[in-house]
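*Asks:* In my numbering, the protein residues as written are 53 to 490.
This is the structure I want to talk about, given as C-alpha cells.
Okay, here's the thing in C-alpha cells:
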C-alpha cells in the first residue's frame with residue numbers, strides 16, 4: 053500500500069463495554085502517512101499516538117508554535133543566570149533547558165490542564181532535532197492528557213506539568229526521531245514511570261528541576277522506543293485511572309486546534325494564579341503607605357498553587373498571594389526585581405502582606421474560574437477592582453507589543469535575535485546561550 057493511505061475510523065465494542073478503535077485503510081490523495089499497519093487501536097496511548105502520527109498543523113497552529121518558541125526561548129534566556137539552571141546543566145540538555153525555561157515561572161500555561169506545555173514540548177522537540185510539528189503534536193498530547201487527568205488531580209497536589217509532561221515529551225521527541233504510531237505508543241507507555249511531580253516543590257528549585265526530569269525522561273523513553281524497547285500501551289490507561297483521571301476525556305478527534313483552548317502567556321514573572329490578583333491590584337494605584345487592609349475575593353480553586361503565605365525568598369514570593377499583592381502596590385510594573393530576595397525583605401512589603409485577607413469562595417475547577425476582586429482600604433476610601441481575565445489569557449491575548457516588551461525585558465541585547473528566531477536555528481541558539489559542559 054502506498055504512503056498516501058489514511059485509515060477510516062470505526063468503533064468496536066470491547067468486552068468491558070467500553071469502546072475501542074479499529075482502523076481500515078482508505079486512500080486519500082496527497083496524504084503523507086500510512087496507518088494501515090497500526091492494527092487495533094484499543095488504548096489511550098494508541099489513540100494519542102495515531103493522532104500525533106497523522107497530525108498536520110493549520111496556519112493557526114503554526115502561529116501558536118512560533119509565538120511559543122519566542123516566548124519560551126526568551127524566558128529560558130532570562131533564567132540562564134539562576135542557580136537552579138547552573139545546577140541542572142549537570143543532567144544534560146533536556147533538564148538544563150527545561151529548568152532554565154521554568155526557573156522564573158514565566159513560561160506559558162494551558163488552563164484546561166493546568167500545565168506548562170511549551171517548556172516541556174518545545175525542549176523535548178528541540179533536543180531531539182525536531183521542529184514546529186513535533187512541538188505541536190507533543191503539546192496536543194499534553195493538553196489532552198492533562199485535561200483527562202482533570203482538576204481533581206491538580207487539587208490533590210500533583211504537578212500536572214510533570215505528570216502529563218513526561219508522556220508528551222516522549223511524543224514530541226519521538227516524532228523528531230521519526231517514530232511511527234506503534235513506536236510512539238510504546239514511548240508513551242515507557243514514559244509512565246516518570247510521570248509525577250508534586251506541588252510541594254512550588255517555591256523551591258525542585259519545581260523547575262522536576263519539569264526538567266519529566267522532559268529528560270520523555271526524550272529517553274522515545275530514544276528507547278526507537279531502539280526497540282517494548283511496553284504495553286495499556287500502561288497509560290492504568291496510570292490515568294490510578295491518578296483519578298477519566299479515559300473518556302482523552303479526546304483525539306482530528307478536527308480543531310492542536311492545543312484546545314490555546315495557551316496563556318504570562319506578563320508577570322510568577323505563578324499563573326497571581327496574574328489576576330496582581331492585574332486587579334495594579335489598577336488601583338493607591339499610596340501603599342496609607343493602606344490599612346487588603347481583601348481578595350476569588351474562587352478557592354484559583355488559590356490552589358499559592359502555598360507560600362509568608363515568603364522569605366524570591367522563589368517563594370512567586371507562589372504567595374500576600375506578597376504578589378504587596379508587589380502590585382509597590383512596584384510599577386511588577387517585574388523580575390519584584391521577586392528578588394531583597395525585594396521580598398522590604399519592610400513595606402512585609403507590612404502589606406500582613407494586611408492581606410483572602411475570602412475564598414468554595415469550589416471551582418480551574419485557576420481562572422469566576423473572577424478576582426481586590427478591595428483596598430485606606431483612611432479616606434475603600435477602592436475595589438475586579439478582573440475576570442488577566443492580560444495574556446487566551447480570551448484576552450497578549451499583543452505583539454506585549455510580547456516584544458517581554459522579550460526585551462528577558463533577553464536584553466539578545467532580544468532582536470530571539471524575536472527573529474525560527475525553528476531550524478532554535479536548538480543551535482540554545483546550545484550557544486545555554487551550553488552543557490565545562
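Don't be surprised by glycine CBs; every beta carbon is placed ideally from N, CA and C.
Remember, predicted model here, so these are calculated numbers, not experimental data.
1) Could you pull out every residue in the same chain whose Cβ sits closer than 6 angstroms to the Cβ of residue 154, ignoring the five residues on either side in sequence?
2) So, for residue 489: in the same chain, excluding its five sequence neighbours on each side, which residues have a beta-carbon less than 8 angstroms away from its beta-carbon?
3) State buried or exposed for residue 110, treating a residue as buried only when at least 16 other CB atoms are found within 10 Å of its CB.
4) Spell out a yes or no on whether the segment 469-476 and the segment 343-361 are touching, meaning 3 or more CB-CB pairs, one atom from each, closer than 8 angstroms.
5) The beta strand (DSSP E) with residue 346 in it runs from where to where?
6) Would a C-beta distance cut-off of 7 angstroms place residue 370 and residue 323 closer than the cut-off?
7) When you compare only the Cα positions, how much space is there between residue 207 and residue 455?
8) Under 7 angstroms between the Cβ atoms of residue 195 and residue 162?
9) Have a look at residue 247 and residue 390 and give me their C-alpha separation to the nearest angstrom.
10) What beta strand (DSSP E) runs, 3 residues minimum, are completely inside the segment 425-460?
11) Inspect the CB distances between the segment 290-302 and the segment 391-408 and report whether three or more fall short of 8 angstroms.
12) Please report the distance separating the alpha-carbon of residue 413 from that of residue 252.
13) Taking the C-alpha atoms as reference points, what is the distance between residue 352 and residue 415?
14) Give me, in chain order, the residues of the same chain whose beta-carbon lies closer than 8 angstroms to that of residue 366; leave out the 5 immediate sequence neighbours on both sides.
15) Flag this pair as yes or no: are the beta carbons of residue 146 and residue 271 separated by less than 7 angstroms?
16) Looking at chain C, is there any beta carbon in it that lies within less than 7 angstroms of the beta carbon of residue 374?
17) Quick one, are the C-beta atoms of residue 215 and residue 182 less than 7 angstroms apart?
18) With a CB to CB cut of under 7 angstroms and the five nearest residues on each side skipped, what residues in its chain are close to residue 441?
19) Taking the alpha-carbon positions, what's the residue 381 to residue 411 distance?
20) Does the distance from the CB of residue 198 to the CB of residue 165 come in under 7 angstroms?
21) What residues are listed by DSSP as bridge partners for residue 161?
22) According to DSSP, is residue 134 helix, strand or coil?
*Replies:* From the atom records:
1) 171, 260, 263
2) 141
3) exposed
4) Too few Cβ pairs lie closer than 8 angstroms, so no.
5) First-last of the beta strand (DSSP E) with residue 346: 345-351.
6) Taking 7 angstroms as the Cβ cut-off, residue 370 and residue 323 qualify as a contacting pair.
7) 31 angstroms
8) Between residue 195 and residue 162, the CB-CB gap stays under 7 angstroms.
9) 33 angstroms
10) 434-439
11) no
12) 23 angstroms
13) Each residue's alpha carbon lies about 6 angstroms from the other.
14) 391, 392, 393, 395, 396
15) yes
16) Judged by its chain identifiers, the structure shown contains no chain C, having just a single protein chain.
17) no
18) 420, 447, 448
19) If you take the alpha carbons of residue 381 and residue 411, they lie about 19 angstroms apart.
20) yes
21) 316
22) Note: residue 134 maps to coil in three-state DSSP.
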